Structures are given as C-alpha cells and as structure tokens.
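Q: Take the first sequence: its letter number 146 is residue 145 in the working numbering, and every next letter is one higher.
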Amino acid sequence: MELVESSPATEHHPEMNREEASGESSSSNQLENWTEEQDQLKKKLIAHDDFPWKLPSSPTELPQGSETLKYVGGVDISFSKDDSSVACACLVVLELPSLRVVHNELSLLRLQVPYVPGFLAFREAPVLLQILEKMRDDQHPFYPQVLMVDGNGILHPRGFGLACHLGVLAHLPTIGVGKNLHHVDGLDHSEVRRSFLLKENEDEQVIKLVGNSGFTWGVGFRPTLSSVKPIYVSLGHRISLDSAVEVVKMTCKYRVPEPIRQADMRSRAYLQKHLLGLLKDLGHTEWKTEH
DNA sequence: GCGACAG
DNA sequence: ATCTTGTCGC
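1) Would you call the CB atoms of Val145 and Val246 closer than 9 Å?
2) Select from Gln204, Ser242 and Val183 the residue whose C-alpha is nearest the C-alpha of Leu224.
3) Output needed for Ala20: all residues of its chain with C-beta closer than 8 Å, excluding positions within five of it in sequence on either side, in chain order.
4) Pairs of beta-carbons, one from the stretch 237-245 and one from the stretch 43-59, closer than 8 Å: are there three or more?
5) Considering only their Cβ atoms, is the gap separating Thr250 from Met147 smaller than 9 Å?
6) Hey, could you find the ends of the beta strand (DSSP E) Ile76 is sitting in?
7) Pull up the distance between the alpha-carbon of Glu294 and that of Ser83, whole angstroms please.
8) Output the distance between the C-alpha atoms of Arg265 and Arg193, rounded to the nearest integer angstrom.
9) Per DSSP, what kind of secondary structure is Ile45 in: helix, strand or coil?
10) Where does the unbroken beta strand (DSSP E) through Lys207 begin, and where does it stop?
11) Does Asp149 come out as helix, strand or coil in the three-state DSSP assignment?
12) Would you kindly check if the distance between the Cβ of Ser106 and the Cβ of Ala88 is under 9 Å?
13) Could you tell me which residues DSSP puts in a beta bridge with Asn103?
14) Assuming Val167 and Lys43 make a contact with CB atoms under 8 Å, what is their CB distance in whole Å?
Structure (structure tokens):
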C-alpha cells in the first residue's frame, strides 16, 4: 500500500483500486514477483572465483596464459534532491595498480521504480546493465574484468542483493560494497564496531560477518586500523569473498574503494551540472533560495 | 502486532 | 539517496 501511495506513476490509475478491493494489492503482487525473480536468478549465482585473470597479490607466480587483473569497474547512481526520480548513473573503470580512471560513462535518466529495501536491484540494475552491455557490445578495450557495486551482494535478506543481480545479468564478476549494514540474520552494525574495538581484533582490518545461523554473509572492512565506520563487503558473482576483499584492499585510498567513490563523485557532479542547465533552459534567470 | 530495513 | 559548516587532525 505504501508503494502505491508513494508512487506518482500509479496513484491515478483506477485499476489499482480494483486490485486492492479484491484484497490483493498491486504492491504486494509486485513484491511477490520481485521475490520470485530474485529466487530464480539466484540459481545462477556463482560464489567462487570464476575468471581467467589472477590477482596482482596472488602468491603464485605469473606464468604464461594467465593475465593479471588490470581493469576494475565501479558503478553508482546519484539522485536529484528536488525530484528523486531524476538520476544519473555512472560507470568508471580504473587501471591497476595506478588507480587511474581510464574510462567514464554517464547516463542521465528518470527512474520510475521506487526504492524498496531488499529490492534495490529493480530500481538500479536496468540502467547499469544497459551501460555495461553497450560497452561490451562495442568491444571496448577497457571493459572491466571485475565490477564493484554500490550495494550489497549476498549480504541481503534473500542472499541476492544488487551486486549479485547485476553480476548474473551481465555475467560479470561483481563485488558488493555497502556503506551501511543491511541487518540480516541478527547482524548489527554496532556489534561489528564493537568487534573492531576488541583487544583481540585491534590489528584486524577485516571482521567476518557471521549471522545467528552461522552463515558468513560477508565482512566488515576498515581501510585503516583507526577507522571508525567500516564498509561491508560481500561477494556478488563469480568471485570468492577472499578475492573480493583483496580487490577492495587494492582499491581503497579512502573509506570507500576508488571505483565506487569515483562513480559517486562523477554522477553527482554531472547531475548538478545538468540540473543547472535545465533551470536556465526554463528561463529561470534567478534561482537563489531567497527572493 | 510493532519496529527495523542496502541505495 | 539528499540536505548541510565548520572543524579537528595527520
């Protein structure tokens, strides 16, 4: 019901009322459909290393035939403060080990699907997938070997967050990076912070996120031992948790890994620039907050 | 039943 | 997600 009421795109559709009168709200139908789709896609999830390259930090040698990880992608979407349906999606590709941005793709668009906790992928995955597919179809030389996603992987109520969703659809190795903890299986962010403060963990950069069930959902990660607020890393697709953490370590200059941080900054900047352009086009010669 | 809930 | 100023510290 909240979904219908808060959705400008559907609030004037009379057919919605019939569904609700029959006791079957369209929004609960939608959530059922989405849940079913997640369960179906989850069957294709690959939770181990499944790629031709190797990590630069790999202890094994560098023999013939196996290339080293060089191009790491990052995706994020920023939203307008005035109209939350106006968004800018960004894909960046960074070169290792320099962390130099070698590619940058932006897309300004309007998102109709609302954000529902546990169903972020249905809002954000379509655009990101489109950008990825275009780059792949163009045989772009910087097409990423692994993609870092601003959102969780299997650290999710049904074990299939945005990073998994996007990974499966794009058939690309992905890593989920959350800036906040999605509370699942008894996991709690204050517990994670307490763990980092324990004497026994004072030298640990990584804390396993083991839920009440005993399952390891991912890790809490702090870029420095003095960092207060960790990020939450979980496997998305075609990569193990250990390898995912290695990639995060290689790309972390600040709290948020560079690929995601760059995508975040660039999408936000592009959005700002375009919104100013729109205001000018509409003839608003004065757009200060005070008159 | 009530609250909590990635971006 | 977004709003929002300065401030403390390496």
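Beta carbons are placed, not taken as given, at the ideal position from N, Cα and C, and that holds for glycine. None of the values given here were measured: they were computed from a predicted structure.
A: With the given structure in hand:
1) Translated into positions along the first sequence, residue 145 becomes position 146. Translated into positions along the first sequence, residue 246 becomes position 247. In contact: Val145 and Val246 (Cβ atoms closer than 9 Å).
2) Residue mapping note: residue 224 aligns to position 225 of the first sequence, counting from 1. Selected option, being the one with the closest Cα: Gln204.
3) Working through the first sequence from its first residue, we reach residue 20 at position 21. Legend: pLDDT at Ala20 = 48, less than 50; position of this residue unreliable, value from coordinates given subsequently. Counting only residues of its own chain and dropping the five nearest sequence neighbours on each side, Ala20 has no CB closer than 8 Å to any other CB.
4) Verdict: yes, contact present.
5) In the first sequence, counting from the first residue as 1, residue 147 sits at position 148. In the first sequence, counting from the first residue as 1, residue 250 sits at position 251. Yes, the pair counts as a contact, with Cβ atoms nearer than the cut-off.
6) Numbered from its first residue, the first sequence carries residue 76 at position 77. First-last of the beta strand (DSSP E) with Ile76: Tyr70 to Phe78.
7) Examination of residue 294 is not possible in this model, given that the chain is present from 0 through 290 alone.
8) Here residue 265 refers to the residue found at position 266 of the first sequence. Here residue 193 refers to the residue found at position 194 of the first sequence. Rounded to whole angstroms, Arg265 to Arg193 spans 34 Å at the Cα level.
9) Looking up residue 45 in the first sequence gives position 46. In this structure, Ile45 counts as coil in the three-state DSSP scheme.
10) On the first sequence, position 208 is the one that residue 207 refers to. Here the beta strand (DSSP E) through Lys207 covers Val205 to Val209.
11) Locating residue 149 in the first sequence gives position 150, where the first residue counts as 1. DSSP, reduced to helix, strand and coil, places Asp149 within a strand of the structure shown.
12) Translated into positions along the first sequence, residue 88 becomes position 89. Translated into positions along the first sequence, residue 106 becomes position 107. Yes, these two residues count as a Cβ contact at 9 Å.
13) Counted from its first residue, the first sequence places residue 103 at position 104. For Asn103, which the question treats as bridged, DSSP gives the partners Val91.
14) For this step, residue 167 is matched to residue 168 along the first sequence. For this step, residue 43 is matched to residue 44 along the first sequence. That pair is a contact at about 5 Å.
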